[in-house]
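Some notes on the structure that comes next.
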Amino acid sequence: MTATMRPTISACPACSAAPAAEALADAAEVRNARIALSLPTIHCSACIAAVEDALNDHPGVREARVNLTMKRASIEAEPDVMPDDLVKALAGIGYEAHELDAGTLSATENDKAGRDLLMRLAVAGFASMNVMLLSVSVWSGAADATRDLFHWISAFITMPVIVFSGQPFYRNAWAALRHGRLNMDVPITLAIVLAVVTSLWETSLSGEHAYFDAALALTFFLLAGRYLDHRTRAIARSAAEELAALEVPRAWVLRDGQEVQVPAAQVALGDLIRVRPGGRMPVDGVITDGVSELDRSLLTGETLPVFAEPGRDVSAGEVNLTGPLTVRATAVGEQTSLHRMADLVAIAESGRSRYTSLADKAAKLYAPGVHILSALSFVGWYLYTWDVRTALNIAAAVLIITCPCALGLAVPAVTTAASGRLFRKGMLIKHSTALERLAEIDTVVFDKTGTLTQGTPELTNLADHATSDLQIAAALAAASSHPLSQAIVAACDAGDVTPAEVADIRELPGYGTEGVWQGMKVRLGRAAWVGAEARSETTAWLRIGDERPRAFTFADALRPGAAEAVRALRDAGHEVILISGDTTPAVEALAKRLGITQWMAEALPADKVARISALTDQGHRVLMVGDGLNDTAALAAAHVSISPASALDAARVASDIVLLGGDLSPIADAVLTARKATRRIKENFRIATVYNIIAVPLAVAGLCSPLIAALAMSASSITVSLNALRLR
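So the sequence shown is numbered by this note's numbering: it starts at 2 and just counts up by one.
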């Protein structure tokens, strides 16, 4: 049995700013069957005809259309039709062509919708000005046959323009009514129809009053509001759309030693894929051949290219910069990290937070309430004046002015703007209520190793040693792969220290390295081996001949932005706590280094959960930042949680937000953004409430014409959208 999917019509369909995961999946399917080509050499209608004929004659092409203004061709084709085949077909008739990527297509579709609204707005505005001139003549005293003539001319101008320009409202209204629902375009359509029908009735009876100018002006201002709303939502482009635009529709697969271009959906696990310089990774995989650099900035926030060589894992959406790479696919289609990430963000953006549910409930009650109030206004004013025209005008004004557009925009506009801002800063929101909960936190708990630190040692007392000592240490350390030795080498390289000439260097596993320098035995290693007294801190010792041993001390290397994040959180008034399973001296040293006054060392996973639970019982709202398997339970127990992208899968699953890059500094900004978002949502609710408190009584009292009502409704919607964009 096949179930028919029915579209869900919201109380305010034009205000739906956050896409659903299903919509993104549908969009991906469309992209697989759609090809866009740039045609830089076309210049006339003959070029259009030639290109369209060549493309439509190509096997597998369903439809091809050429846009001369944009110099592009849009082709609907079977999934196995490759762009290169179409490029070759056009080259055969003398036209240059290039494929456009998914990001350009997405932007083009958005621009197309904006241009359509702008065209309808222009037609309505032009017609409105002409009819207004005729109305001025009537208002100035034209009577009888002259007045009737002007009214009929106005009708002939108005009718086709109303049918054409009002289509966005009619389509949405019909879609809602067809499914037994009400939305904001139902009262708008009804108001336009009432204005036109009343005017035709008056004109046919040679009446003094017609409202063709009001109907056109009403359509014009409603379209202006819709266009401005479209533009503000395009600026606040969601993170989910940005991620979806990174998906590659086709890939070059190595088969029998030949490169074959196939749709990305046909790539199988284990396939070898050739990625050329400048191309995006179509799948997750591991590099098997080639050396290059990868641009991961859109996925992780890392601004510097990453070195790529055989054995390195790559993710879909990353850009290959310098050299060709061969990649073995380990995840394809919906299983790629990019696609899963886009789905998570889409679900989070369209999720049901407390504020979203409140807005939906209000809008659902509001839609039928608008029609009931309008009907009561019509009946009341008709009984009061016995004038159908007056009653219809007031009913139409009530229908328009009470439209719940601002209420429907209050939450999704803010959520989309906030998630887009955080995504651009390298933070991926996974849970629908994470932003709301993040705004409420007052305590931040950090794990140590892998979160605040990178888990690699860093030499801390380089400046305490003489240059000759450093040169000897650098030479001995270079012969060892021990992490402490590698830290000494890295510090000496950074300090431009040239290794000394040490002979007979050998490594004794578990002890250190030794050699001969200027006839003296030199050793670098454990305290007991070189004859030094052990310390509680992490230390390596250098001994030259019979001289006193010199200590090289180490600390875990801080993750980039760790100090800035802790400082910013403390400056914002948050309580910062360090909880780690590491030894007491190591944890204490890091806490002092970062200025954290509360810390807990040698903590087991149960200890972390117990501490977070105790803080929660005391009324604190805890943000937990961790990356290890032992942090998973604590991440789940916290009010809201963040994990770095380098965290274990279990930790990333348990967390509400993923930090895509290696820099921790966006955490403080994320908390600030979340608080601003909550304030903007509350402000939007207040704007919508105040607007209705003022506007509805004025409309019911007959103090607002349909035209003024359209202006007021559009102004409230634009105000809410612009308020949301302040987050950017």
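A virtual CB, placed ideally from N, CA and C, is assigned to each residue, including glycine.
Note that the coordinates shown come from a computational prediction; the quantities given were computed from them, not determined experimentally.
Figure out for me which residue from the options has the closest Cα to the Cα of residue i.
i, options, result
"S666", "V697, L423, H483", "L423"
"V198", "E310, A635, P60, F213", "F213"
"P500", "V490, R507, E508, L509", "V490"
"L660", "R676, V610, I719, G451", "G451"
"L87", "A55, V67, R73, R507", "A55"
"G582", "R390, K449, H152, I719", "K449"
"Q168", "L201, I506, L223", "L223"
"A615", "K431, G95, T444, T327", "T444"
"D670", "S420, V503, K522, V691", "S420"
"R560", "W600, G663, L134, V517", "G663"
"N462", "T554, P550, L673", "T554"
"S482", "L150, A716, R507, E684", "R507"
"T540", "D557, G546, R63, A330", "D557"
"L579", "G620, A635, R329, R551", "A635"
"A125", "S39, T220, K72, V82", "T220"
"P510", "G496, R527, M120, A495", "R527"
"D470", "G520, K72, V389, W542", "W542"
If you run the structure through DSSP and keep just helix, strand and coil, what is residue i?
i, result
"S482", "coil"
"V721", "helix"
"D760", "No information on residue 760 is available, as it lies outside the stretch 2 to 729 that the chain covers here."
"I682", "helix"
"D290", "strand"
"E576", "strand"
"L616", "helix"
"T304", "The pLDDT assigned to T304 is 49, lower than 50, so where the model puts this residue is not dependable, and the model offers no usable value."
"A495", "helix"
"S644", "strand"
"A309", "strand"
"S666", "coil"
"R32", "Interpretation of R32 is limited by its pLDDT of 43, a score under 50 that renders its predicted location unreliable; the figure taken from the coordinates is listed afterwards. Three-state result, R32: helix."
"S138", "helix"
"M282", "coil"
"G513", "strand"
"D54", "helix"
"V320", "strand"
"A211", "coil"
"A731", "Absent from the model: residue 731. The displayed extent of the chain is 2 to 729, so no value can be given."
"A176", "helix"
"A702", "coil"
Return yes when the Cβ of residue j is within less than 8 Å of the Cβ of residue i, no when it is not.
i, j, result
"A216", "I158", "no"
"A564", "V610", "no"
"T403", "N693", "yes"
"D290", "L322", "no"
"A696", "V721", "no"
"A504", "V517", "yes"
"I43", "I36", "no"
"S138", "A211", "no"
"H640", "V626", "no"
"I288", "V315", "yes"
"F379", "A398", "no"
"A330", "G271", "yes"
Ends of the beta strand (DSSP E) at residue i?
i, result
"D81", "Here D81 belongs to no beta strand (DSSP E), and DSSP marks it neither H nor E."
"R251", "251–256"
"A1", "Nothing can be reported for residue 1: it is not among the residues displayed for the chain, which extend from 2 to 729."
"T331", "326–332"
"V623", "623–626"
"L273", "273–276"
"Q259", "259–264"
Just reading off the alpha helix (DSSP H) that residue i is part of, what are its end residues?
i, result
"E203", "186–205"
"E97", "Premise fails: E97 is in no alpha helix (DSSP H) and is neither H nor E."
"T159", "145–166"
"V659", "It is not in any alpha helix (DSSP H) - V659 instead sits in the beta strand (DSSP E) that spans 658–660."
"L509", "Careful: L509 lies outside any alpha helix (DSSP H), inside the beta strand (DSSP E) at 504–509."
"A638", "633–638"
- [ ] For the stretch 377–437, list the alpha helix (DSSP H) runs that are entirely contained and at least 4 residues long, ordered along the chain.
- [x] Here the runs fully enclosed are 389–402, 406–410, 413–425.
- [ ] Mind listing, in chain order, the continuous beta strand (DSSP E) runs of no fewer than 3 residues lying wholly within the stretch 437–474?
- [x] Segments of the beta strand (DSSP E) lying fully in the stretch 437–474: 444–447, 454–460.
TODO: Jot down the residue ranges of each uninterrupted alpha helix (DSSP H) in the stretch 523–579, minimum 4 residues, whole runs only, in chain order.
DONE: Restricting attention to alpha helix (DSSP H) runs no shorter than 4 residues, the stretch 523–579 encloses them at 528–531, 563–572, ordered along the chain.
Task: Start-end ranges of the alpha helix (DSSP H) lying completely within the stretch 575–608, minimum 4 residues - done: Taken in chain order, the whole alpha helix (DSSP H) runs of length 4 or more contained in the stretch 575–608 are 585–595.
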